[in-house]
Amino acid sequence: MMALGGCDLVAFVATARPDEARTFYRDILGLRLIEDFRFALVFDANGTMLRIAKVDVVAPSTNAVLGWG
Numbered sequence: 006m007m008a009l010g011g012c013d014l015v016a017f018v019a020t021a022r023p024d025e026a027r028t029f030y031r032d033i034l035g036l037r038l039i040e041d042f043r044f045a046l047v048f049d050a051n052g053t054m055l056r057i058a059k060v061d062v063v064a065p066s067t068n069a070v071l072g073w074g
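To convert, count from 1 in the sequence shown and add 5; that's the numbering used here.
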């Protein structure tokens, strides 16, 4: 079994509005768009992969799902 401490973290969030999400994460937050797949947007968040799943409906979370320090 591989220990996760030596693995890179991948962060996941979802959007039902991928065009707006692409603009927000790329142009407003300044993240580099790596790939725009049919099912997800993939960004480089300072060395951490951020995958934004393209979904039909987003269930709002009552807590934080992403943060920067």
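Beta carbons: idealized from backbone N, C-alpha and C, even for Gly. Bear in mind the structure is a predicted one, so any value in this text is a computation, not a measurement.
Residue i, DSSP secondary structure in three states
i	result
leucine 9	helix
Sub-8 Å separation of residue i and residue j beta-carbons
i	j	result
alanine 26	leucine 36	no
isoleucine 39	phenylalanine 48	yes
valine 18	methionine 54	no
Below-8 Å beta-carbon distance, residue i vs any chain D residue
i	result
isoleucine 33	Included in the structure is just one protein chain, with no chain D present.
Cβ-Cβ separation, residue j to residue i (assumed contact under 8 Å), whole Å
i	j	result
alanine 45	isoleucine 57	6 Å
alanine 21	valine 60	6 Å
Residue i: CB within 7 Å of a non-hydrogen atom of the ligand MN
i	result
aspartate 41	For the ligand MN, the structure offers nothing, since it holds no ligand at all.
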